[in-house]
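Be aware that the sequence shown starts at 10, since it is given in the working numbering, and climbs by one per residue.
Glycine is no exception: its CB is placed at the ideal position from the N, C-alpha and C atoms.
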Amino acid sequence: MTSVMERLTQRVWNWLPTFFVVAEEGSIGAASARLHVTPAAVSRTLRLLEAEFEEKLFNRVGRSLVLNERGVRLRAALRDATTVVDRGIAGSLFSGFAGPLRVASLGVLTDHFVVTTLLELKREYPELIPEHQNLSTAAAATAVARGSVDVAFYYEDLTVEDVQVEHLASTTMSVYCGADHPLFRARKLPLDRVLAHAFSVPQIGDSGRALDGWPTDVPRKIGMRITTLRSNLEVCLSGALLCVLPDVTADASVRARKLRRIRAVALEEIPIYVARPLGGLRGGAADAVVHRVRERVEAFSPAA
């Protein structure tokens with residue numbers, strides 16, 4: 010039996026593309042030119058759609074049409090749906106390595122693993138169009154659930170409906186100090202000596218866990234709070250404060266003798282998770298980026 014919502018969708022289905030173009034263009038004249046139909050035809054379609062919904066979708070401001078709250082929500086839904094359809098068509102007609110590949114990550118993952126992988130895939134498959142966003146864990150998971158992101162990488166095992174999250178790999182962390190820090194040239198660094206100095210620490214993650222892996226049973230002095238692990242690199246290089254950094258972030262500076270790795274405290278590895286739509290298509294570029302990011306993380310070895 011057809012539901013009320015299904016019957017409504019069937020009635021308005023052919024009118025939605027016109028609404029979407031008007032919403033994007035902001036006027037009936039511009040929309041009619043893009044759709045190659047008369048302004049009268051565009052106006053009639055909008056009237057039919059609003060009559061069916063029994064709600065206005067636009068506010069008329071002079072000759073322009075401005076979306077109201079209901080119109081904004083409908084446009085957002087159509088944007089997401091259009092992206093999903095485009096992705097499905099590309100997957101059906103091509104090898105899976107053409108068209109958009111929408112990936113989200115943040116911070117260290119973006120800089121050292123994800124973007125380099127996307128560039129590698131782009132060189133191999135010129136028809137692929139990677140689209141990258143820096144998103145927090147919660148924002149990335151929501152985008153995956155809505156279908157606006159194909160693959161997301163982040164540090165927290167955040168559960169979201171309609172999203173499949175799996176552990177991908179782990180990245181190692183260590184305490185570091187810059188060349189101008191008092192501990193840089195010290196011969197012996199027992200834990201109590203390290204803890205006498207203040208740390209710059211990153212934000213608490215969306216799951217409520219600190220993102221640098223510091224053990225909860227070891228108190229430390231907090232000298233500064235900063236948004237991301239990546240930003241902490243600049244703080245550490247200044248020599249003003251100790252920092253916990255991903256070893257992959259600190260590696261080049263350690264090799265250049267601008268940072269010193271301090272081994273006085275053992276830190277847990279930071280897990281990396283990958284999120285994809287639950288029940289979504291597998292294979293092609295989406296699987297390739299997951300596989301290659303995993304390989305890059307596992308292959309990294311920090312300077313001694």
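Problem set entry | Close Cβ partners of glutamate 140 (< 6 Å) along its chain, the five nearest in sequence each way excluded | Pro109, Arg111
For this session: Compare the Cα-Cα distances from proline 280 to each of Arg270, Leu220, Arg301 and report the closest residue.
Result: Leu220
Exercise. Just reading off the beta strand (DSSP E) that isoleucine 37 is part of, what are its end residues?
Worked result: That residue, isoleucine 37, is in no beta strand (DSSP E); its alpha helix (DSSP H) goes 37 to 44.
Problem set entry | For isoleucine 138, the residue or residues it bridges with in DSSP | Partner(s): Pro109.
Exercise. For proline 6, is the classification buried or exposed, using 16 other Cβ atoms within 10 angstroms of its Cβ as the cut-off for buried?
Worked result: Since the displayed the chain opens at 10 and closes at 313, residue 6 lies outside it and no answer follows.
Exercise. With C-beta atoms as the reference, is proline 286 less than 8 Å away from aspartate 171?
Worked result: yes
For this session: Mark serine 183 as exposed unless 16 or more other C-beta atoms lie within 10 angstroms of its C-beta, in which case mark it buried.
Result: buried
Problem set entry | Delimiting residues of the alpha helix (DSSP H) encompassing histidine 300 | 293 to 308
For this session: Reducing DSSP to helix, strand and coil, say where alanine 152 ends up.
Result: helix
For this session: Mind checking which residues open and close the alpha helix (DSSP H) that includes proline 48?
Result: Where proline 48 is concerned, the enclosing alpha helix (DSSP H) stretches over 48 to 62.
For this session: Measure the Cβ-Cβ separation of aspartate 159 and alanine 297 and say whether it is below 8 Å.
Result: no
Exercise. So, histidine 121 versus valine 257, is the Cβ gap smaller than 8 Å?
Worked result: yes
For this session: Following the continuous alpha helix (DSSP H) through valine 158, name the residue where it begins and the one where it ends.
Result: Segment: none, valine 158 is in no alpha helix (DSSP H) and carries neither H nor E.
For this session: For tryptophan 223, count neighbouring C-beta atoms within 10 Å of its own C-beta (all shown protein chains included) and say buried if the count is 16 or more, exposed if not.
Result: buried
For this session: For the segment 195 to 210 and the segment 228 to 238, state whether three or more C-beta atom pairs, one from each stretch, are separated by less than 8 Å.
Result: yes
Exercise. Where does methionine 10 fall in DSSP's three states?
Worked result: Per-residue confidence for methionine 10 stands at a pLDDT of 43, beneath the threshold of 50, marking its modelled position as unreliable; the derived number appears in the next sentence. Three-state result, methionine 10: coil.
Exercise. Asparagine 68 bridges to which residues according to DSSP?
Worked result: Val75
For this session: Kindly indicate which three-state DSSP category serine 240 falls into: helix, strand or coil?
Result: helix
Problem set entry | valine 70 versus Ile37, Ala275, Val51, residue with shortest Cα-Cα distance | Ile37
For this session: Tell me histidine 176's beta-bridge partners as DSSP assigns them.
Result: According to DSSP, histidine 176 bridges with Tyr282.
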